[in-house]
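To keep things clear, I will list the structure first and then write my remarks on it.
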Amino acid sequence: MNYLIIFETGEGQTRKIVAFVERQIMIAGHKVRIYNSEGRPAGLSFDDIDKVVLAAPVHERRHPKDFEGVVSTHIKALKARPTLLLSISLKAAFPEGLEEAQDYLTEMKMRTGFNPDHEASIAGAVRPQAYGYFESQVVQYVLLEGRDVNIIDGIREFTDWDRLAAISASFLTCNPSQN
């Protein structure tokens, strides 16, 4: 089977998640093609693609505009194949943030008009080296408010790799004709 992973990353955690999913697909004996949507809303081919994984981070309540543009532009091709959408956000790291993380997915689906066959909110990471002053203040005092996490301590991953492996494995085994 041939897979296409369409992604965009902000600070690098989504790229790390994509590499993890890509390894799982290859270990299962399938082929994978990777497409970074940043700055590239066109020029994407779905020839010989059986399934698609979409992955993007959330910043300021939305996925990157280029990523959403690719989804909107290729909606017909996406609807013709089984799809898995991975929405990466810090809100997904905490039980009380899961509802808001789901809202990000809902809002993206409304903006793009695309409803994936499978979707998941995946916890991201804190990567302070990528933040300016304003971003670091928002992360520390809004997103991490009341938590024993100090961004001065460096990178802190919240991604649940076992959960991601289970989500990926489930998508790998779904039958394309059932979607």
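This note's numbering puts the sequence shown at residues 3 to 181.
Glycine included, C-beta positions come from ideal geometry on N, C-alpha and C.
Since the model is a prediction, treat every value here as computed from it, not as a measurement.
Alpha helix (DSSP H) segment containing residue i, residue limits
i    : result
F22  : Q15 to I29
K93  : Run containing K93: none; DSSP gives neither H nor E here.
A82  : Run containing A82: none; DSSP gives neither H nor E here.
R187 : Here the chain has residues from 3 to 181 only, and residue 187 is not among them.
D50  : Element bounds for D50: n/a, residue is neither H nor E.
R113 : L100 to T114
C-beta contact flag for residue i and residue j at 8 angstroms
i    : j    : result
H65  : M110 : yes
F173 : L86  : yes
P59  : G99  : no
F69  : E10  : yes
I51  : R83  : yes
Identified DSSP bridge partners for residue i
i    : result
L87  : L56 and E121
H61  : R64
I36  : I7
R158 : V128
Proximal residues to residue i (C-beta, below 7 angstroms), its chain only, five neighbours per side dropped
i    : result
I19  : A57, L88, I90, I124, T161 and L166
L80  : V54, V73 and F116
K93  : G99, E102 and A103
N205 : Since the first and last residues shown for the chain are 3 and 181, residue 205 lies out of range.
A30  : L174
Cβ shell of residue i (< 6 angstroms), same chain only, five flanking positions each side left out
i    : result
I36  : I7
I27  : Y5 and V34
F22  : none
E40  : E10 and D68
L145 : L92
Cβ of residue i within 8 angstroms of any chain B Cβ
i    : result
L145 : Absent here is chain B; the protein component of the structure consists of one chain.
Cβ-based neighbour list, residue i, same chain, cut-off 8 angstroms, excluding 5 preceding and 5 following
i    : result
Q15  : P59, I90, G126, A127, R129, E159 and T161
R149 : F96
Residue i Cβ short of 7 angstroms to the ligand NAD heavy atom set
i   : result
V73 : Among the components modelled here there is no ligand, and therefore nothing to report on the ligand NAD.
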